[in-house]
Amino acid sequence: MTNTTLNATANHLHPFSDNQQLKEKGVRVITKADGIYIYDDAGNKIIDGMAGLWCVNIGYGRKELADIARDQMNELAYYNTFFKTSHPAVINLSAKLASIAPAGFNHVFYTGSGSESVDSMIRMVRHYWDSVGKPSKKTLIGRWNGYHGSTIGGVSMGGMKGMHKQGGFPIEGIVHIEQPWFYGLHEEGETAEQFGIRAANWLEEKILEIGADNVAAFVGEPIQGAGGVIIPPSTYWPRIQEICQKYDILLVADEVICGFGRTGEWFGHETFGFQPDIFTTAKGLSSGYLPIGAVFVGDKVVEGILKGGDFNHGFTYAGHPVAAAVALKNVEILDDEGIIKNVHDKTGPYMQAKWREMLSQFKYVDDVRGVGLIQGFTLVKNKATREMFPNEGETGTMLRDIFFSNNLIMRACGDHIVASPPLTITKEEIDLMLATAEKCLQEFE
Ligand code: PLP
6 MTNTTLNATA NHLHPFSDNQ QLKEKGVRVI TKADGIYIYD DAGNKIIDGM
56 AGLWCVNIGY GRKELADIAR DQMNELAYYN TFFKTSHPAV INLSAKLASI
106 APAGFNHVFY TGSGSESVDS MIRMVRHYWD SVGKPSKKTL IGRWNGYHGS
156 TIGGVSMGGM KGMHKQGGFP IEGIVHIEQP WFYGLHEEGE TAEQFGIRAA
206 NWLEEKILEI GADNVAAFVG EPIQGAGGVI IPPSTYWPRI QEICQKYDIL
256 LVADEVICGF GRTGEWFGHE TFGFQPDIFT TAKGLSSGYL PIGAVFVGDK
306 VVEGILKGGD FNHGFTYAGH PVAAAVALKN VEILDDEGII KNVHDKTGPY
356 MQAKWREMLS QFKYVDDVRG VGLIQGFTLV KNKATREMFP NEGETGTMLR
406 DIFFSNNLIM RACGDHIVAS PPLTITKEEI DLMLATAEKC LQEFE
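Per the working numbering, the very first residue in the sequence shown carries number 6; after that it's consecutive.
As structure tokens, then:
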């Protein structure tokens, strides 16, 4: 271990980490990055199969973004949009976002992260129902194993039981239903389509239990990302939409991972064929180059909110000029270079086909899945019975560590192994990534 590696934990508590273990074993210090590669301080070139934390959609090292950040910082490093002010960077970004969003989305509300987007959405949803004269509609329904961030609202909205345990979450007024995980939850003989309807109907059951007059919104990721890349059957989201309409409940898509091209469309809800009332974003909005998030607010909700007077909510760094300028350039690059179309037409289908082909040889690998450039598989003890390994997560972590020591970043979400490389990855780079993964899996089995 280098001194830098040990010093890295001397004064820094790392998120989502066993800090005692880090102090003993050190961390890997990442010093630079380019394209799909990151480099550590020992000079290792590492394939970043996760695009950072599912965020570096345009890949590392785009100089245009650095140039824009410098220019904007020289021109106007900071101003806010709170009290009757705005600035060109945020005006231009908002116009661009409205132009790429589906019809009916003409407004965005800015935040500094995905968690802030989710918190803002929760407050906005409740404010909306107050504003339209239905103040009893307060409860939000999420899903077990969903991930919506780490703030008090985000952790509550998410369905990660391990996170709930630390600190007594969820907060009051947020409840959960089971996830649409076909592989783990379907009944004998049930098709994926039948399961999708049954899983969506759990929402109806929950609404009836709570009373529709008390339910404000249903919130879900189009694909559950940190929950293990759980891809719902095609029938799921349309049925969820029907139920929300039937009971006058807002439908919210958390697009923090799926948004900005991950599924091969601008937004995941376009891939899955449903129309939310609100959707939350961050990550791919700036490709992680600077922290920024945005809540896209549909016209119906905007109309309601306009009746409600002041919305007493906002962040000092919301719509930060430098982050907004960088995000605009990022979105322009995604658009002008046809990066998302390439994922849809070329690299996405190529990755999916190669991923399935490569993984079919392994006896502990099952439920190989993917959409666009987000994919997963599950490590199981027995494929025939779908029996999982004991001590959930232990086996996944072991494999993830093998990838890591072979200079490939993939992530273990429990025993689901997931990947989401930069959207700029080429076919040759996909081949290299999968060849490395194959070698690691051979070592593992
Ligand atoms: N929502 C989803 C779907 C996410 O995947 C994440 C982060 O991974 C968040 C919200 C929280 O985003 P952040 O970490 O930027 O707060």
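We treat Cβ as the ideally placed atom computed from N, Cα and C, and that holds for glycine. As the structure is a prediction and not an experimental result, all values here were calculated from the model.
Cβ-heavy atom distance, residue i to ligand 1, below 7 Å
{"i": "residue 120", "result": "yes"}
{"i": "residue 58", "result": "yes"}
{"i": "residue 425", "result": "no"}
{"i": "residue 370", "result": "no"}
{"i": "residue 155", "result": "yes"}
{"i": "residue 322", "result": "no"}
{"i": "residue 152", "result": "yes"}
{"i": "residue 123", "result": "yes"}
{"i": "residue 261", "result": "yes"}
{"i": "residue 159", "result": "yes"}
{"i": "residue 381", "result": "no"}
{"i": "residue 231", "result": "yes"}
{"i": "residue 299", "result": "no"}
{"i": "residue 226", "result": "yes"}
{"i": "residue 328", "result": "no"}
{"i": "residue 287", "result": "yes"}
Limits of the beta strand (DSSP E) - the one that residue i falls within
{"i": "residue 145", "result": "144-148"}
{"i": "residue 256", "result": "255-259"}
{"i": "residue 189", "result": "Careful: residue 189 lies outside any beta strand (DSSP E), inside the alpha helix (DSSP H) at 187-190."}
{"i": "residue 53", "result": "50-53"}
{"i": "residue 375", "result": "370-376"}
Those residues which DSSP pairs with residue i across a bridge
{"i": "residue 65", "result": "40"}
{"i": "residue 1", "result": "Nothing about residue 1 can be reported from this structure: the residues present for the chain run from 6 to 450 only."}
{"i": "residue 279", "result": "Note: residue 279 sits in no beta bridge, so no partner."}
{"i": "residue 301", "result": "113 and 284"}
{"i": "residue 222", "result": "145 and 255"}
{"i": "residue 325", "result": "DSSP output for residue 325 lists no bridge partner at all."}
{"i": "residue 413", "result": "52"}
{"i": "residue 293", "result": "Residue 293 is not bridged to any residue."}
{"i": "residue 336", "result": "According to DSSP, residue 336 bridges with nothing at all."}
{"i": "residue 418", "result": "421"}
{"i": "residue 45", "result": "35"}
{"i": "residue 235", "result": "229"}
Three-state secondary structure (DSSP) of residue i
{"i": "residue 214", "result": "helix"}
{"i": "residue 408", "result": "helix"}
{"i": "residue 229", "result": "strand"}
{"i": "residue 345", "result": "helix"}
{"i": "residue 75", "result": "helix"}
{"i": "residue 308", "result": "helix"}
{"i": "residue 202", "result": "helix"}
{"i": "residue 393", "result": "strand"}
{"i": "residue 315", "result": "coil"}
{"i": "residue 157", "result": "helix"}
{"i": "residue 58", "result": "helix"}
{"i": "residue 126", "result": "helix"}
{"i": "residue 15", "result": "coil"}
{"i": "residue 195", "result": "coil"}
{"i": "residue 208", "result": "helix"}
{"i": "residue 331", "result": "helix"}
{"i": "residue 273", "result": "helix"}
{"i": "residue 428", "result": "coil"}
Endpoints, alpha helix (DSSP H) assigned at residue i
{"i": "residue 436", "result": "432-449"}
{"i": "residue 364", "result": "353-364"}
{"i": "residue 249", "result": "241-251"}
{"i": "residue 97", "result": "93-105"}
{"i": "residue 387", "result": "Unbroken run through residue 387 is the beta strand (DSSP E), 379-387; no alpha helix (DSSP H)."}
{"i": "residue 34", "result": "It is not in any alpha helix (DSSP H) - residue 34 carries neither H nor E in the DSSP assignment."}
{"i": "residue 180", "result": "Here residue 180 belongs to no alpha helix (DSSP H); instead the beta strand (DSSP E) covers 179-182."}
{"i": "residue 81", "result": "Unbroken run through residue 81: none, as it is neither H nor E."}
{"i": "residue 29", "result": "24-30"}
{"i": "residue 167", "result": "166-170"}
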